[in-house]
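Trainee: My structure is below; once you've seen it, I'll send some questions.
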Amino acid sequence: MPQQVNGVIAPGRNEPVRVETITIPDPGPGEAVVAVQACGVCHTDLHYKQGGINDEFPFLLGHEAAGVVESVGEGVTEVAPGDFVILNWRAVCGRCRACRRGRPWYCFDTHNAKQKMTLADGTELSPALGIGAFAEKTLVAAGQCTKVDPAVSPAVAGLLGCGVMAGIGAAVNTGEVGRGDTVAVIGCGGVGDAAVVGARLAGAAKIIAVDIDDRKLETARAMGATHTVNSRSTDAVEAVRELTDGFGADVVIEAVGRPETYAQAFYARDLAGTVVLVGVPTPDMKLELPLLDVFGRGGSLKSSWYGDCLPSRDFPMLIDLHQQGRIDLGAFVTETIGLGDVEKAFARMHEGDVLRSVVVL
1 MPQQVNGVIA PGRNEPVRVE TITIPDPGPG EAVVAVQACG VCHTDLHYKQ GGINDEFPFL
61 LGHEAAGVVE SVGEGVTEVA PGDFVILNWR AVCGRCRACR RGRPWYCFDT HNAKQKMTLA
121 DGTELSPALG IGAFAEKTLV AAGQCTKVDP AVSPAVAGLL GCGVMAGIGA AVNTGEVGRG
181 DTVAVIGCGG VGDAAVVGAR LAGAAKIIAV DIDDRKLETA RAMGATHTVN SRSTDAVEAV
241 RELTDGFGAD VVIEAVGRPE TYAQAFYARD LAGTVVLVGV PTPDMKLELP LLDVFGRGGS
301 LKSSWYGDCL PSRDFPMLID LHQQGRIDLG AFVTETIGLG DVEKAFARMH EGDVLRSVVV
361 L
């Protein structure tokens, strides 16, 4: 039978979020109901609230989540009731041209649950990134569930569902940071700090963190940055060049998503270096670069979607590395909160004094 649970919705553009009773249908073919144990408060959720993604209100927010599969629909073989899973927002199809060419992280036909969760009055909800996990339970496509070791804390595991995976993957998968490389990371929020962790994991010799907030730079150093640059008071491009013998960094990861910081990344890279854009721009933003400068420099300009991750491959691996003590995913959890505290968490995010607030249920 359908269940009624508590969940956090964004009722309209820039309106305060609130806890409402929502209805979760029984899982249909290819679907699963997951009892959510923890869900991180990501900047993307704030974008949804502000109408920066689309205007399909009301939204059921939350997507960086981990929990336990409660029930599955017909034909589901990937997971079973009782499995501890991380939710992902790119359930690959296995059939499109990207999947057939062995590049499932570029899947063109990722899918979500077909049924809709609703408010108690029947109003259909739009789940954030097809997940909607600021709720006691949520309905997802079974392919959005990635089974991992249940010994790990749900508050830690869930962060791989978006921001931490995006940052680590931007360095390891998209940027292909190698041993001895020099890396600059522009923007040291949760995603940027995760890129620092990924660069360190890949064996980078020098990791330069760039931000306008000294608090964030201090955190980035604790995460593994070898050098920091406050770009409010220092020219970021010149500083990166000075720290790389005048050449620029082998890989520059832009984790802000603004034209100004992308231009910094473009000019702070080595002649044949790589720029990785993992920061998410808004639809109105435009980039202007002299085409001759683009032509005159080798290397690569890349965009990183979800850290170009394959959840079935990357989530268990990163959980293993965390359990071995080789990366500290727990360092990203600044505070744990309840469902009723999400609006306050958005305010703290705006103030820049948290990496992640995590809703624990």
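As numbered in the UniProt record's numbering, residues 1 to 361 make up the sequence shown, in order.
Quick reminder that beta carbons are idealized off the backbone N, C-alpha and C, glycines included.
#1: Quick check on this structure: which residue in Ala239, Gly73, Val76, Val69 has the alpha carbon closest to the alpha carbon of residue 423?
#2: Is it buried or exposed for aspartate 55, if we count other Cβ within 10 angstroms and need 16 for buried?
#3: Cα separation between tyrosine 48 and leucine 159?
#4: Got a sec? Which residues, its chain only, sit under 6 Å from leucine 355 by beta carbon, not counting five neighbours each side?
#5: I'd like the span of the alpha helix (DSSP H) that includes threonine 219, first residue to last.
#6: CB glycine 175 to CB threonine 274, shorter than 8 Å?
#7: Whole angstroms are fine: how far does the CA of alanine 80 sit from the CA of cysteine 145?
#8: When burial is assigned at 16 or more other CB atoms within 10 Å of the CB, is aspartate 45 buried or exposed?
#9: Taking only three categories from DSSP, how would you classify glutamine 115?
#10: Quick check: the segment 296 to 303 against the segment 312 to 328, are there 3 or more CB pairs under 8 Å?
#11: Helix, strand or coil: which one does DSSP assign to residue 380?
#12: Around the C-beta of glycine 279, are 16 or more other C-beta atoms found within 10 angstroms, so that it is buried, or is it exposed?
#13: Note down, in chain order, each residue of its chain lying with its Cβ closer than 6 Å to the Cβ of alanine 265, except the 5 sequence neighbours on either side.
#14: Can you look up lysine 49 in the DSSP assignment and give me helix, strand or coil?
#15: Report the option in Pro259, Val172, Val19, Ala32 whose CA atom is closest to the CA atom of asparagine 112.
#16: Identify whether glutamine 324 lies in helix, strand or coil by the three-state DSSP scheme.
#17: State the start and end residues of the unbroken alpha helix (DSSP H) segment that holds threonine 174.
#18: Compute the distance between the beta-carbons of leucine 217 and alanine 204, then report whether it is under 8 Å.
#19: Between the C-alpha atoms of glutamate 65 and phenylalanine 84, what's the straight-line distance to the nearest angstrom?
#20: Out of curiosity, what's the CA-to-CA distance linking isoleucine 131 and leucine 339?
#21: Considering only the alpha carbon of each residue, which of Leu139, Ala35, Pro104, Tyr267 lies closest to glycine 28?
#22: Please work out which residues of its chain come closer than 7 Å, Cβ to Cβ, to cysteine 96, disregarding the five sequence neighbours upstream and downstream, and give them in chain order.
#23: Could you tell me the alpha carbon to alpha carbon distance between alanine 194 and alanine 141, rounded to whole angstroms?
#24: Is proline 58 near leucine 125, with beta carbons less than 8 Å apart?
#25: DSSP state of histidine 350, grouped into three classes?
#26: According to the Cβ coordinates, are glycine 62 and arginine 13 closer than 8 Å?
#27: With the cut-off set at 8 Å, would you say residue 374 and lysine 206 are in Cβ contact?
#28: Runs of 4 residues minimum, wholly inside the segment 83 to 164: which ones carry the alpha helix (DSSP H) assignment?
#29: If you count every other CB in all the chains shown that lies within 10 Å of the CB of aspartate 211, and 16 or more means buried, which is it?
#30: Is DSSP giving arginine 356 helix, strand or coil here?
#31: Alpha carbon to alpha carbon, what distance is there between alanine 249 and leucine 201?
#32: Any chance you could list the alpha helix (DSSP H) runs of at least 4 consecutive residues sitting entirely within the segment 2 to 65, in chain order?
Mentor: Looking at the atomic coordinates:
#1: Beyond the ends of the chain as shown, which are 1 and 361, falls residue 423; an answer cannot be given.
#2: Classification for aspartate 55: exposed.
#3: 18 Å
#4: Gly190, Phe332, Thr334
#5: 214 to 223
#6: Result yes, Cβ atoms of glycine 175 and threonine 274 sit closer than 8 Å.
#7: 10 Å
#8: buried
#9: coil
#10: no
#11: This structure leaves residue 380 out entirely; the chain is present only between 1 and 361.
#12: buried
#13: Ile186, Val252, Glu254, Val275
#14: helix
#15: Closest by alpha carbon: Ala32.
#16: coil
#17: Careful: threonine 174 lies outside any alpha helix (DSSP H) and carries neither H nor E.
#18: Not in contact: leucine 217 and alanine 204 (Cβ atoms no closer than 8 Å).
#19: In the sequence under discussion, the amino acid at residue 65 is alanine, which differs from the glutamate named in the question. Taking the straight line from one Cα to the other gives about 11 Å.
#20: 16 Å
#21: Leu139
#22: Cys107, Phe108, Asp109
#23: If I take the Cα positions, the gap works out to 27 Å.
#24: yes
#25: In this structure, histidine 350 counts as helix in the three-state DSSP scheme.
#26: no
#27: Since the first and last residues shown for the chain are 1 and 361, residue 374 lies out of range.
#28: Under the rule that a run must span 4 or more residues, the alpha helix (DSSP H) segments found entirely inside the segment 83 to 164 read 97 to 100, 154 to 157.
#29: buried
#30: coil
#31: Their Cα atoms are separated by approximately 17 Å.
#32: 43 to 49
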